[in-house]
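Number 165 in my numbering belongs to position 164 of the sequence shown; there are no gaps in the numbering.
We put the CB at the ideal spot given by N, CA and C, even for glycine.
Bear in mind that the values here come from a model prediction, so they are computed numbers and not experimental data.
Contents: one structure, followed by commentary.
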Amino acid sequence: MTAETPINAEEHDGAGGKMPLLDHLIELRSRLLKSLIAIALAFGVCLYFAEPIFSVLVQPLVAAGQGKIIYTQLFEAFFVQIKVALFASMMIAFPVITNQLWKFVAPGLYRKEKRALLPFLFATPVLFTAGACLAYFVTVPVALKFLLGYQGDMGGIQQEALPSVANYLSFIMQFIMAFGIAFLLPIFLMLIERSGLVTREQLVSARRYMIVAAFAIAAVATPPDILSQFLLAVPLILLYELSLFAIWFTQRRRKTGAEEAPVEPLEEA
């Protein structure tokens with residue numbers, strides 16, 4: 002670049018200089034420390050309200066007709082409250098964690114790249130919350146009704162479900178996390194398409210493989226009953242189709258914007 006070549010501040014905003022490795026590590030330590038402080042503060046509050054939080058998590062089980070829950074080890078109930086507080090604190094501190102991650106990455110991005118990534122940053126907690134709500138209000142009650150339906154007389158022996166607090170907590174946390182992460186699929190696919198790693202045509206041609214992968218992911222992320230796996234696999238397939246439509250829509254908008262952009266005349270030599 003010659004001395005006469007102008008530097009476009011619009012393009013080089015935030016990415017004009019290189020930070021030494023030590024400064025990067027110091028910045029990373031600062032962001033991690035702030036994230037850990039947010040988690041610790043949220044954990045302290047959630048530990049105080051661990052019982053009310055668990056009473057909310059246990060409502061689908063109560064609605065399914067189960068009136069008793071047990072613990073088989075003396076320390077099990079105590080550790081359940083710790084897990085509930087940690088789970089809730091991670092949910093509460095999630096916006097702070099993503100904000101710190103953004104502040105660490107943003108200085109190395111061009112302004113155009115920042116504008117492209119900001120919508121995905123705001124959409125991430127919204128989609129995760131939508132997936133968690135679907136699990137809590139729809140999927141978990143349906144799965145519990147199905148699984149608790151095996152109670153009753155079995156060849157002259159009365160079969161009764163007595164779930165432990167630890168097993169139920171693992172059950173509902175697994176559902177909430179699986180559905181929350183699964184609902185981030187559109188963001189992941191749009192990001193890799195935007196970065197040029199894949200094209201929409203490649204994603205369309207991989208549709209049949211995605212259907213198989215959806216059931217494989219559901220088999221790993223949910224309890225081993227077929228209904229639970231089906232309740233996760235179907236939303237994954239629908240989200241994949243939604244991602245294809247969203248990619249098509251954004252491509253169309255980018256193409257329209259490029260056609261409407263004014264073309265600067267070439268300077269005469």
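Taking C-beta to C-beta, are residue i and residue j nearer than 8 angstroms?
i: L245; j: V205; result: yes
i: A144; j: L239; result: no
i: A234; j: K146; result: no
i: E28; j: V166; result: no
i: P61; j: Y137; result: yes
i: I93; j: A41; result: no
i: V139; j: I173; result: no
i: T99; j: P126; result: yes
i: F70; j: P164; result: Note that residue 70 is Ile in the sequence shown here, rather than Phe. Against a cut-off of 8 angstroms, the Cβ pair of P164 and I70 comes out as a contact.
i: Q101; j: R30; result: no
i: Q89; j: C47; result: Before going further, note that residue 89 is Ala rather than Gln in the sequence given. Yes, the Cβ-Cβ distance between A89 and C47 is below 8 angstroms.
i: Q74; j: A162; result: no
From the DSSP output, which residues share a beta bridge with residue i?
i: S165; result: I71
i: M155; result: I158
As a quick exercise: from the options, pick the residue whose alpha carbon is nearest that of residue i.
i: F123; options: V141, K113, T251 and V97; result: V97
i: R253; options: R201, L237, Y210 and L228; result: R201
i: Q82; options: G45, L148 and L102; result: G45
i: A247; options: M178, E194 and G181; result: E194
i: P183; options: T130, V59 and K256; result: The residue you asked about is not Pro; residue 183 is Ala in the sequence shown. A183 has its Cα closest to that of T130, out of T130, V59 and K256.
i: G132; options: K115, F121, G197 and F176; result: F176
i: V59; options: A220, A117 and L170; result: L170
i: M91; options: L37, P236, L148 and M155; result: L37
i: A179; options: E52, G68, F50 and P236; result: P236
i: A39; options: F55, F95, Y49 and L75; result: F95
i: L283; options: V63, E52 and P21; result: The requested residue 283 is not part of the displayed model; the chain covers only 2 to 270.
i: E114; options: M155, D154, G153 and L192; result: L192
i: A51; options: L34, K35 and F79; result: F79
i: S196; options: L118, L26, Y72 and N168; result: L118
Exposed or buried, residue i, counting other C-beta atoms within 10 Å across all chains shown (16 or more means buried)?
i: V57; result: exposed
i: I227; result: exposed
i: A86; result: buried
i: M2; result: For M2, the pLDDT reaches just 46, beneath the cut-off of 50, and the residue's location in the model is therefore unreliable, leaving the point undetermined.
i: R255; result: exposed
i: S229; result: buried
i: M211; result: buried
i: A207; result: exposed
i: T257; result: exposed
i: A219; result: buried
i: F1; result: Past the boundaries of the shown model lies residue 1; the chain is included only from 2 to 270, so the question cannot be answered.
i: G181; result: buried
i: Y241; result: buried
i: A217; result: exposed
i: F55; result: buried
i: L128; result: buried
i: P21; result: exposed
i: H13; result: Reliability fails at H13, whose pLDDT of 47 lies under 50, so the model's placement of it is uncertain and the value that follows must be treated cautiously. When all chains shown are included, H13 counts as exposed.
For the ligand SAH, I want to know if residue i counts as a neighbour, meaning its beta carbon is within less than 7 angstroms of at least one of the ligand's heavy atoms.
i: L243; result: The ligand SAH is not part of this structure, which contains no ligands at all.
Quick one: is residue i near chain C, going by C-beta distance under 8 angstroms?
i: L135; result: You won't find chain C in this structure, because it holds only one protein chain.
At a cut of 8 angstroms, does the stretch 99-115 reach the stretch 182-189 through at least three beta carbon pairs? Between the stretch 99-115 and the stretch 182-189, the count of C-beta pairs closer than 8 angstroms stays below three; the two stretches do not touch.
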